[in-house]
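Colleague: One structure is given below, represented as structure tokens, and several questions about it will come after.
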Amino acid sequence: MLPLRQKRILAIFSVALLFISCRSDERNSRELTLAYPADIRGFDPATATDFRSGRTMSFVYDNLVRFDVGTELVPCLAKAWDVSENGREYTFHLRREARFFDGNPITAQDVVYSLTRILLPETASPQTWLFDRITGAKDVIAGKTDTVSGLVAENDSTLVIRLGAPFAPFIQYLAMPSGAIVNYRQIENINVRPAGSGPWKLETWERDGEIIFVRNDSYWGGKTKMPRLRIRILSEPMTRSAEFEAGNLDLLDVPNVEVRAWKNHPRWGKYFYTEDDLSLYYVGMNCSRPPFNDIRVRKAMNLAVDREKIIEVLRFGAGIPASGPVPPSLLKTPPPDPYPYDPEEALRLLDEAGFPRGFETKLWVAGDAEMYHVLEAIQSYWQAVGIQVELLRSDWNVFRTAVKAGKPDLYYLSWFADYPDGENFLYPLFHSRESMVKRNRFSNAGIDSLIERIQALPASRERDSLIARTNRRVFEEAPWVFLWYPESNVVIQPWLKGFESKLIFNAQRYDDWYKEF
Amino acid sequence: MIKYIFNRILQTIPVLLGVIVITFILMYIVPGDPVQSMVGERYDEATVERLRAELHLDDPMAVQFFRYVWNILHGDFGTSFYSGESVSAQIMDKFPNTMILALTAMVVAIFVGLSIGIISALKPRSWLDKGTMFFALVGISAPVFWVGLMLVLFVGVYLRWLPPTGYGGIEYVILPAITLGLRSAAYLARLTRASMLEILDQQYIRTARMKGLPEWKVILKHAFPNTLVPVITVIGTDFGSYLSGAVLTESIFGWPGLGRLALDAILKRDFPVIQGAVLFMAIMFILANLVVDILYGVVDPRIRTERKTGQPR
Numbered sequence: 013m014l015p016l017r018q019k020r021i022l023a024i025f026s027v028a029l030l031f032i033s034c035r036s037d038e039r040n041s042r043e044l045t046l047a048y049p050a051d052i053r054g055f056d057p058a059t060a061t062d063f064r065s066g067r068t069m070s071f072v073y074d075n076l077v078r079f080d081v082g083t084e085l086v087p088c089l090a091k092a093w094d095v096s097e098n099g100r101e102y103t104f105h106l107r108r109e110a111r112f113f114d115g116n117p118i119t120a121q122d123v124v125y126s127l128t129r130i131l132l133p134e135t136a137s138p139q140t141w142l143f144d145r146i147t148g149a150k151d152v153i154a155g156k157t158d159t160v161s162g163l164v165a166e167n168d169s170t171l172v173i174r175l176g177a178p179f180a181p182f183i184q185y186l187a188m189p190s191g192a193i194v195n196y197r198q199i200e201n202i203n204v205r206p207a208g209s210g211p212w213k214l215e216t217w218e219r220d221g222e223i224i225f226v227r228n229d230s231y232w233g234g235k236t237k238m239p240r241l242r243i244r245i246l247s248e249p250m251t252r253s254a255e256f257e258a259g260n261l262d263l264l265d266v267p268n269v270e271v272r273a274w275k276n277h278p279r280w281g282k283y284f285y286t287e288d289d290l291s292l293y294y295v296g297m298n299c300s301r302p303p304f305n306d307i308r309v310r311k312a313m314n315l316a317v318d319r320e321k322i323i324e325v326l327r328f329g330a331g332i333p334a335s336g337p338v339p340p341s342l343l344k345t346p347p348p349d350p351y352p353y354d355p356e357e358a359l360r361l362l363d364e365a366g367f368p369r370g371f372e373t374k375l376w377v378a379g380d381a382e383m384y385h386v387l388e389a390i391q392s393y394w395q396a397v398g399i400q401v402e403l404l405r406s407d408w409n410v411f412r413t414a415v416k417a418g419k420p421d422l423y424y425l426s427w428f429a430d431y432p433d434g435e436n437f438l439y440p441l442f443h444s445r446e447s448m449v450k451r452n453r454f455s456n457a458g459i460d461s462l463i464e465r466i467q468a469l470p471a472s473r474e475r476d477s478l479i480a481r482t483n484r485r486v487f488e489e490a491p492w493v494f495l496w497y498p499e500s501n502v503v504i505q506p507w508l509k510g511f512e513s514k515l516i517f518n519a520q521r522y523d524d525w526y527k528e529f
Numbered sequence: 002m003i004k005y006i007f008n009r010i011l012q013t014i015p016v017l018l019g020v021i022v023i024t025f026i027l028m029y030i031v032p033g034d035p036v037q038s039m040v041g042e043r044y045d046e047a048t049v050e051r052l053r054a055e056l057h058l059d060d061p062m063a064v065q066f067f068r069y070v071w072n073i074l075h076g077d078f079g080t081s082f083y084s085g086e087s088v089s090a091q092i093m094d095k096f097p098n099t100m101i102l103a104l105t106a107m108v109v110a111i112f113v114g115l116s117i118g119i120i121s122a123l124k125p126r127s128w129l130d131k132g133t134m135f136f137a138l139v140g141i142s143a144p145v146f147w148v149g150l151m152l153v154l155f156v157g158v159y160l161r162w163l164p165p166t167g168y169g170g171i172e173y174v175i176l177p178a179i180t181l182g183l184r185s186a187a188y189l190a191r192l193t194r195a196s197m198l199e200i201l202d203q204q205y206i207r208t209a210r211m212k213g214l215p216e217w218k219v220i221l222k223h224a225f226p227n228t229l230v231p232v233i234t235v236i237g238t239d240f241g242s243y244l245s246g247a248v249l250t251e252s253i254f255g256w257p258g259l260g261r262l263a264l265d266a267i268l269k270r271d272f273p274v275i276q277g278a279v280l281f282m283a284i285m286f287i288l289a290n291l292v293v294d295i296l297y298g299v300v301d302p303r304i305r306t307e308r309k310t311g312q313p314r
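Sequence order for the protein chains is A and B.
Going by the numbering used here, the first residue of the first sequence is number 13, and it counts up by one from there.
Going by the numbering used here, the first residue of the second sequence is number 2, and it counts up by one from there.
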């Protein structure tokens with residue numbers, strides 16, 4: 013038996029703990045809580061080059077158009093738009109009811125201001141490539157003038173954008189994070205105070221701590237179902253899993269190593285979902301010099317690797333073997349079959365190419381331990397056909413600088429979609445204008461002209477089949493060792509309703525999600 | 002005493018200069034272009050050049066260095082490459098969080114460490130002594146990340162007594178403070194026990210007991226204060242390192258402090274923030290040591306007098 017005083021202390025202690033736990037439960041029902049592994053850069057659309065900042069932009073800003081569940085563009089600030097016959101002139105009809113957070117209406121002039129701002133030299137935005145095809149944009153970038161001649165507000169609700177040449181992906185660029193429409197009246201603190209009009213308003217942002225949003229009650233569109241959205245910055249994967257299990261997170265991005273544990277769990281298994289990442293992992297081969305200027309060697313590199321086994325064992329099933337650069341969800345026709353695991357054929361091709369005893373080379377990589385394990389497996393597959401590959405692990409900046417300079421023979425990298433269009437997996441990666449100066453020095457006139465045709469064509473059957481054809485051509489040229497299209501996995505709380513995956517990273521606004529206990 | 006403090010402050014100047022020079026040179030010779038991590042995938046060359054010019058990255062090393070020192074002397078630690086925010090504002094934003102965690106951890110360490118140390122010294126070689134010293138051994142040997150994760154798992158997830166991680170009210174600081182303070186507590190316990198045992202053997206303790214003083218008075222008034230010199234050393238240096246941020250503890254518990262600021266900056270190659278954070282940590286560490294030195298004089302008058310008469314210690 014405890015003496016009375018100790019009993020009393022114990023009682024007070026338990027009541028206090030009870031109080032604490034009650035408090036967190038009460039808060040949970042009012043807000044949606046998610047976790048990011050690292051903080052965002054800020055709320056300035058001009059600097060939103062990373063995935064997390066970009067997706068957060070869409071909570072607090074509207075664009076002219078945006079993406080929703082799939083690959084289709086949906087109206088946003090523009091309720092409708094027309095494209096001229098020649099594909100060079102876009103006319104946007106803005107909705108009149110849209111308001112910025114400060115209550116001012118959003119007009120065509122605001123759009124002109126926002127897009128021009130990205131191009132102005134003083135903004136120093138790395139995203140000028142988005143709008144540099146607008147007539148007169150290059151002069152603004154060069155600092156010769158501060159008005160873009162091809163960007164015209166005809167009246168408050170009509171905006172005309174003229175391009176130098178027809179360029180079909182342009183309208184998708186407008187849906188990217190840097191295409192957000194900003195309020196010039198609040199531009200000064202834009203990095204910490206979003207100057208937008210989105211369905212969520214920023215309440216507080218404690219760097220490396222949490223970002224809290226509240227419902228924008230005067231939003232012109234559908235209001236968010238939850239009154240608050242709380243994003244916690246939790247860098248430790250174990251911590252995120254623990255918080256989810258304790259009921260403090262409504263959704264958990266499952267790390268690959270934990271996939272099986274959650275998926276096969278009697279309680280959580282039915283709340284487990286797999287999402288398309290719209291991305292791929294690859295090993296780039298420098299096509300401008302031996303040995304990888306020989307297509308037979310490049311094919312041998314592809315044939316020597318057993319992708320399925322690596323995905324199964326080292327990635328815990330998270331991914332699909334890659335069959336070309338364009339992810340299958342962006343193709344309207346069935347993709348080609350991936351390169352099979354065929355070491356004999358690889359040996360034969362190497363022999364034919366004049367490397368009967370293989371060769372030695374180096375592979376550059378920047379990244380985490382998980383990547384490294386995967387690469388060690390690939391390394392041993394190559395070794396089995398006589399190709400000795402040394403892994404060079406370096407820091408991200410060193411890596412990027414080296415790849416840009418064309419230094420590595422081999423490098424391991426991934427590509428994530430900016431917008432859900434096959435073109436996004438072709439032009440920036442395989443058009444000689446990009447590849448020769450930034451990537452693996454691949455140049456093929458036939459593929460270049462195919463890509464240019466895709467860029468000029470509006471969405472159509474013809475364009476779809478061109479994308480499929482170009483994808484196959486690139487696949488057959490094997491400028492990369494195509495590895496896999498990764499998948500990400502999430503597990504949600506039983507009380508989370510309205511959960512829906514979105515294909516492109518910045519389409520998810522969490523506006524339809526709610527909780528029901 | 003004042004002259005002593007003044008001298009100690011003067012001694013910190015070359016140390017700080019050394020820190021400035023070393024961090025600057027380290028950042029300068031690191032390979033790779035910091036602009037690369039700012040521009041995303043589809044930049045054009047002109048943007049990279051413009052950003053490099055804006056950040057003065059193409060200036061000669063000497064020019065960059067003197068600009069850096071000049072700015073520091075004006076209280077300007079620069080602006081973050083990544084977020085464009087002032088570095089000093091970011092540090093000052095994080096420092097209160099770090100301070101809260103450090104203070105709480107210290108309270109845990111002192112309270113647990115001293116009481117265990119004293120209790121086990123009073124009953125040497127008893128089961129109590131063996132038990133507490135085993136605890137101390139575990140406390141010293143257990144890695145911080147393991148202790149943290151176990152606390153998250155058991156106290157936060159299974160028992161649900163406290164929120165596993167996060168920050169806010171007092172309930173959030175308890176687990177990280179235990180994690181951070183445990184090692185100091187264990188170390189303090191062993192140290193207190195050892196010096197207590199030594200002191201309890203001294204003649205003046207026997208005198209005090211013979212005078213008929215109650216035992217608690219003997220322990221707390223006569224023995225305990227004399228154990229403080231080594232204890233303060235440990236507390237001071239540990240506190241200094243807590244103030245410069247506890248990277249592991251802060252990462253596990255999602256605590257937005259200086260340690261994570263620095264770690265994040267390192268991962269993003271955000272040079273101005275790394276430089277600012279390192280310099281700030283150095284200042285904190287030096288300050289903590291200075292306070293320790295001054296406290297020596299307070300708890301042990303001998304140190305003060307020796308200094309005054311200029312005799313070596």
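C-beta: ideal position from N, C-alpha, C; glycine also.
Does the segment 128-137 of chain A come close enough to the segment 152-165 of chain A that 3 or more CB-CB pairs lie under 8 angstroms?
Modeller: yes
Colleague: Could you name the residues that DSSP lists as bridge partners for valine 295(A)?
Modeller: In the first sequence, the residue the question calls residue 295(A) occupies position 283. Bridge partners of valine 295(A): Tyr424(A), Val493(A).
Colleague: Counting only beta-carbon atoms, is threonine 416(A) nearer than 9 angstroms to chain B?
Modeller: Within the first sequence, the letter at position 404 stands for residue 416(A). Note that residue 416(A) is lysine in the sequence shown here, rather than threonine. Yes, contact with chain B.
Colleague: In the DSSP assignment, what residue or residues form a beta bridge with valine 266(A)?
Modeller: In the first sequence, the residue the question calls residue 266(A) occupies position 254. Valine 266(A) pairs with Asn501(A).
Colleague: From the DSSP output, which residues share a beta bridge with histidine 105(A)?
Modeller: Here the question's residue 105(A) lines up with position 93 in the first sequence. Ala92(A), Thr170(A).
Colleague: What would DSSP say about threonine 216(A), mapped onto helix, strand or coil?
Modeller: Working through the first sequence from its first residue, we reach residue 216(A) at position 204. In this structure, threonine 216(A) counts as strand in the three-state DSSP scheme.
Colleague: Using C-beta distances below 7 angstroms, list every residue in its chain close to aspartate 62(A), excluding the 5 sequence neighbours before and after it, in chain order.
Modeller: As a working mapping, residue 62(A) is identified with position 50 in the first sequence. The residues are Arg53.
Colleague: Just checking: is the beta-carbon of lysine 4(B) within a distance shorter than 9 angstroms of some beta-carbon in chain D?
Modeller: In the displayed structure, chain D is absent; the protein chains listed are A and B.
Colleague: Just to confirm, is the Cβ distance from tyrosine 168(B) to glycine 221(A) under 9 angstroms?
Modeller: As a working note, residue 168(B) is residue 167 in the second sequence. As a working note, residue 221(A) is residue 209 in the first sequence. Yes, these two residues count as a Cβ contact at 9 angstroms.
Colleague: Give every residue of the same chain whose Cβ lies closer than 8 angstroms to the Cβ of lysine 235(A), excluding the five residues on either side of it in the sequence, and list them in chain order.
Modeller: Translated into positions along the first sequence, residue 235(A) becomes position 223. Once the five neighbours on either side are set aside, the close Cβ partners of lysine 235(A) are Pro211, Arg227, Asn228, Asp229, Asp523.
Colleague: Could you list the residues in the segment 232-253 of chain B with a C-beta less than 8 angstroms from some C-beta on chain A, going in chain order?
Modeller: Ser252, Ile253
Colleague: Could you tell me the alpha carbon to alpha carbon distance between leucine 241(A) and tryptophan 525(A), rounded to whole angstroms?
Modeller: Position 229 of the first sequence holds residue 241(A). Position 513 of the first sequence holds residue 525(A). Straight-line Cα distance between these residues: approximately 10 angstroms.
Colleague: Specify the secondary structure class of alanine 47(A) as computed by DSSP and reduced to three states.
Modeller: Here the question's residue 47(A) lines up with position 35 in the first sequence. In this structure, alanine 47(A) counts as strand in the three-state DSSP scheme.
Colleague: Is serine 70(A) helix, strand or coil when you go by DSSP?
Modeller: Locating residue 70(A) in the first sequence gives position 58, counting from the first residue. If DSSP states are grouped into helix, strand and coil, serine 70(A) belongs with the helices.
Colleague: Using a cut-off of 7 angstroms between C-beta atoms, extract the partners of tyrosine 168(B) located in chain A.
Modeller: Working through the second sequence from its first residue, we reach residue 168(B) at position 167. Within 7 angstroms Cβ-Cβ: Gly221.
Colleague: If you reduce the DSSP assignment to three classes, tell me which class proline 333(A) lands in.
Modeller: In the first sequence, counting from the first residue as 1, residue 333(A) sits at position 321. DSSP places proline 333(A) in strand when its eight states are reduced to three.
Colleague: Cβ of alanine 149(A) less than 9 angstroms from any chain B Cβ?
Modeller: The residue you call residue 149(A) lines up with position 137 of the first sequence. Alanine 149(A) does not count as touching chain B.
Colleague: Do leucine 89(A) and valine 123(A) have their beta-carbon atoms positioned less than 9 angstroms apart in this structure?
Modeller: Position 111 of the first sequence, counted from the start, is the residue given in the question as residue 123(A). Position 77 of the first sequence, counted from the start, is the residue given in the question as residue 89(A). Yes, the Cβ-Cβ distance between valine 123(A) and leucine 89(A) is below 9 angstroms.
Colleague: Using a beta-carbon distance below 9 angstroms, is isoleucine 530(A) in contact with chain B?
Modeller: Beyond the ends of chain A as shown, which are 13 and 529, falls residue 530(A); an answer cannot be given.
Colleague: Counting only Cβ-Cβ distances shorter than 8 angstroms, please list the residues of the segment 41-53 of chain A near chain B, keeping chain order.
Modeller: Ala50, Asp51, Arg53
Colleague: Going by DSSP, what residue range makes up the beta strand (DSSP E) through lysine 237(A)?
Modeller: Within the first sequence, the letter at position 225 stands for residue 237(A). Looking at the DSSP string, lysine 237(A) is not in any beta strand (DSSP E), and its letter there is neither H nor E.
Colleague: Run through DSSP, which three-state label would lysine 269(B) get?
Modeller: The count along the second sequence starts at 1 and reaches residue 269(B) at position 268. Here lysine 269(B) carries a helix assignment [DSSP, helix/strand/coil].
Colleague: With 9 angstroms set as the bound, which would you pick, yes or no: does the beta-carbon of serine 36(A) sit closer than that to a beta-carbon of chain B?
Modeller: In the first sequence, residue 36(A) corresponds to position 24, counting from 1. Because serine 36(A) carries a pLDDT of 47, less than 50, the predicted location of this residue cannot be relied on, and the following value inherits that uncertainty. Put simply, the CB of serine 36(A) is near chain B, with a gap under 9 angstroms to one of its CB atoms.
Colleague: Contact check, proline 333(A) vs isoleucine 323(A) under 8 angstroms by CB: the rounded distance?
Modeller: For this step, residue 333(A) is matched to residue 321 along the first sequence. For this step, residue 323(A) is matched to residue 311 along the first sequence. For proline 333(A) against isoleucine 323(A), the beta-carbon gap comes to about 7 angstroms, under 8 angstroms, which counts as contact.
Colleague: Quick one: is tryptophan 217(B) buried, meaning 16 or more other Cβ sit within 10 Å of its Cβ, or exposed?
Modeller: By one-based count along the second sequence, residue 217(B) stands at place 216. By the neighbour-count rule (16 or more Cβ atoms within 10 Å), tryptophan 217(B) is not buried but exposed.
Colleague: Under DSSP, the beta strand (DSSP E) around glutamine 400(A) begins and ends at which residues?
Modeller: Walking along the first sequence from the start, residue 400(A) turns up at place 388. Annotation for glutamine 400(A): the continuous beta strand (DSSP E) segment containing it runs 399-405.
Colleague: Is aspartate 60(B) close to chain A, meaning its C-beta is less than 9 angstroms from at least one C-beta of that chain?
Modeller: Residue numbering aside, residue 60(B) sits at position 59 when the second sequence is read from its first letter. It does not; no Cβ of chain A falls within 9 angstroms.
Colleague: Please state whether DSSP places alanine 192(A) in a helix, a strand or coil.
Modeller: Position 180 of the first sequence, counted from the start, is the residue given in the question as residue 192(A). In the structure shown, alanine 192(A) sits in coil (DSSP, three-state: anything other than H, G, I, E or B).
Colleague: Roughly how many angstroms separate the alpha carbons of alanine 330(A) and aspartate 130(B), rounded to a whole number?
Modeller: For the purposes of this step, residue 330(A) is taken as the residue at position 318 of the first sequence. For the purposes of this step, residue 130(B) is taken as the residue at position 129 of the second sequence. So the two alpha carbons sit approximately 52 angstroms from each other.
Colleague: Beta carbon of isoleucine 120(B): closer than 8 angstroms to some heavy atom of the ligand NAD?
Modeller: Here there are no bound small molecules, and the ligand NAD is not part of this structure.
Colleague: Show which residues of chain A have a CB atom less than 9 angstroms away from the CB atom of glutamate 86(B).
Modeller: What you label residue 86(B) is simply residue 85 of the second sequence in a count that begins at 1. Within chain A, the residues near glutamate 86(B) are Gly54, Asn203, Val204, Arg219.
Colleague: For aspartate 288(A), does the three-state DSSP call read helix, strand or coil?
Modeller: Taking the first residue of the first sequence as position 1, residue 288(A) is located at position 276. Of the three classes helix, strand and coil, the one that applies to aspartate 288(A) here is strand, per DSSP.
Colleague: Taking all protein chains shown into account, do 16 or more other C-beta atoms lie within 10 angstroms of the C-beta of glutamate 248(A), making it buried, or fewer, making it exposed?
Modeller: Here the question's residue 248(A) lines up with position 236 in the first sequence. It is buried - the Cβ of glutamate 248(A) has at least 16 other Cβ atoms within 10 Å.
Colleague: Exposed or buried, tryptophan 496(A), counting other C-beta atoms within 10 Å across all chains shown (16 or more means buried)?
Modeller: Position 484 of the first sequence holds residue 496(A). Under this definition tryptophan 496(A) is a buried residue.
Colleague: Just to confirm my understanding: we take isoleucine 200(B), look at its own chain, exclude 5 residues before and 5 after, and list those with CB closer than 8 angstroms. What are they?
Modeller: Here the question's residue 200(B) lines up with position 199 in the second sequence. Result list for isoleucine 200(B): Ile206, Ala224, Asn227, Thr228, in chain order.
Colleague: 9 angstroms is my cut-off, CB to CB: does serine 33(A) come that close to chain B?
Modeller: Translated into the one-based positions of the first sequence, residue 33(A) becomes position 21. At serine 33(A) the pLDDT is 46, less than 50, meaning the model places this residue with poor confidence; the figure from the coordinates comes in the next sentence. Taking Cβ atoms only, chain B reaches closer than 9 angstroms to serine 33(A), which makes this a yes.
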